[in-house]
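Numbering (full-length UniProt numbering), first residue to last: 1 to 196. Glycine included, each C-beta is placed from N, C-alpha and C at the ideal position. Since the model is a prediction, treat every value here as computed from it, not as a measurement. Let me begin by presenting the structure, written as structure tokens, before commenting on it.
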Amino acid sequence: MTSSSAHSRKALSKIACNRLQKELVEWQVNPPAGFKHKVTDNLQRWIIEVNGAPGTIYANETYQLQVDFPEHYPMEAPQVIFIPPAPLHPHIYSNGHICLDILYDSWSPAMTVSSICISILSMLSSATVKQRPTDNDRYVKNCRNGRSPKETRWWFHDDKTPICQIIVGVHGRTVNVITLLHVDDEVIECTANSCC
Numbered sequence: 001m002t003s004s005s006a007h008s009r010k011a012l013s014k015i016a017c018n019r020l021q022k023e024l025v026e027w028q029v030n031p032p033a034g035f036k037h038k039v040t041d042n043l044q045r046w047i048i049e050v051n052g053a054p055g056t057i058y059a060n061e062t063y064q065l066q067v068d069f070p071e072h073y074p075m076e077a078p079q080v081i082f083i084p085p086a087p088l089h090p091h092i093y094s095n096g097h098i099c100l101d102i103l104y105d106s107w108s109p110a111m112t113v114s115s116i117c118i119s120i121l122s123m124l125s126s127a128t129v130k131q132r133p134t135d136n137d138r139y140v141k142n143c144r145n146g147r148s149p150k151e152t153r154w155w156f157h158d159d160k161t162p163i164c165q166i167i168v169g170v171h172g173r174t175v176n177v178i179t180l181l182h183v184d185d186e187v188i189e190c191t192a193n194s195c196c
């Protein structure tokens, strides 16, 4: 999230504040293995240190997650990104965006920051190769200027390669959309304009 969008963020609702305070206390009592919350005075943005699990290709590596909570958390999913440099992983883009269904369409208010962290560590631990998504360069190019990963329409069609649709601009009543598709292991970029 850019600094300008951080300033325009709405304050947390009372429900969100209460929930996050409860989660923070639970984290202090029972933190998920491999994670450390970096304490700040900002309840709306958490920085979490991620340590690669022993016995995986990320063992002894440390990364940072940035978790930004929306006004209506937990009814709305937080934005979760890796602060660059992001790990090399088939579902993690070089700008830190993560293609993981629970961060978007499969979000449930029953989930917590701890459960998100465990899912991310599981995703990292299951990787057998360190590589970027095949559409990394196109995706990052179209997500410049601090675009949120929550503005991407992700398709979670398999456990190998993310497919996404990026809304790159809204001009009047016309929406410009770029769709990245995989055809025979190649990324095909389809650009289309559609009316609202």
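Residue nearest to residue i in terms of C-alpha spacing, selected from the options
{"i": "proline 54", "options": "Ala33, Asp68, Asp41 and Glu71", "result": "Ala33"}
{"i": "phenylalanine 82", "options": "Thr56, Pro74 and Asn51", "result": "Asn51"}
{"i": "serine 15", "options": "Lys36, Pro70, Ile57 and Lys130", "result": "Residue identity check: residue 15 is isoleucine in the sequence provided, not serine. Of the listed residues, the one whose Cα sits closest to isoleucine 15 is Pro70."}
{"i": "leucine 12", "options": "Asp101, Asp68, Val29 and Ser125", "result": "Asp68"}
{"i": "serine 125", "options": "Trp107, Glu61 and Asn30", "result": "Glu61"}
{"i": "lysine 10", "options": "Pro133, Arg132 and Arg45", "result": "Arg45"}
Residue i vs residue j beta-carbon contact at 8 Å
{"i": "tyrosine 63", "j": "proline 87", "result": "yes"}
{"i": "isoleucine 48", "j": "lysine 130", "result": "no"}
{"i": "tyrosine 93", "j": "asparagine 136", "result": "yes"}
{"i": "alanine 127", "j": "proline 90", "result": "yes"}
{"i": "glutamate 23", "j": "valine 113", "result": "yes"}
{"i": "isoleucine 98", "j": "proline 149", "result": "yes"}
{"i": "isoleucine 120", "j": "leucine 100", "result": "yes"}
{"i": "cysteine 17", "j": "asparagine 95", "result": "no"}
Supposed contact pair residue j and residue i - C-beta distance, whole angstroms, cut 8 Å
{"i": "valine 80", "j": "leucine 103", "result": "5 Å"}
{"i": "proline 31", "j": "methionine 75", "result": "Not really, about 25 Å apart at Cβ, beyond 8 Å."}
Extent of the continuous beta strand (DSSP E) run through residue i
{"i": "glutamine 79", "result": "79-83"}
{"i": "valine 39", "result": "Taken as a continuous stretch (DSSP letters only), valine 39 belongs to no beta strand (DSSP E), as it is neither H nor E."}
{"i": "leucine 65", "result": "62-68"}
Alpha helix (DSSP H) segment containing residue i, residue limits
{"i": "tryptophan 27", "result": "14-29"}
{"i": "aspartate 137", "result": "136-142"}
{"i": "valine 129", "result": "Premise fails: valine 129 is in no alpha helix (DSSP H) and is neither H nor E."}
{"i": "isoleucine 120", "result": "113-125"}
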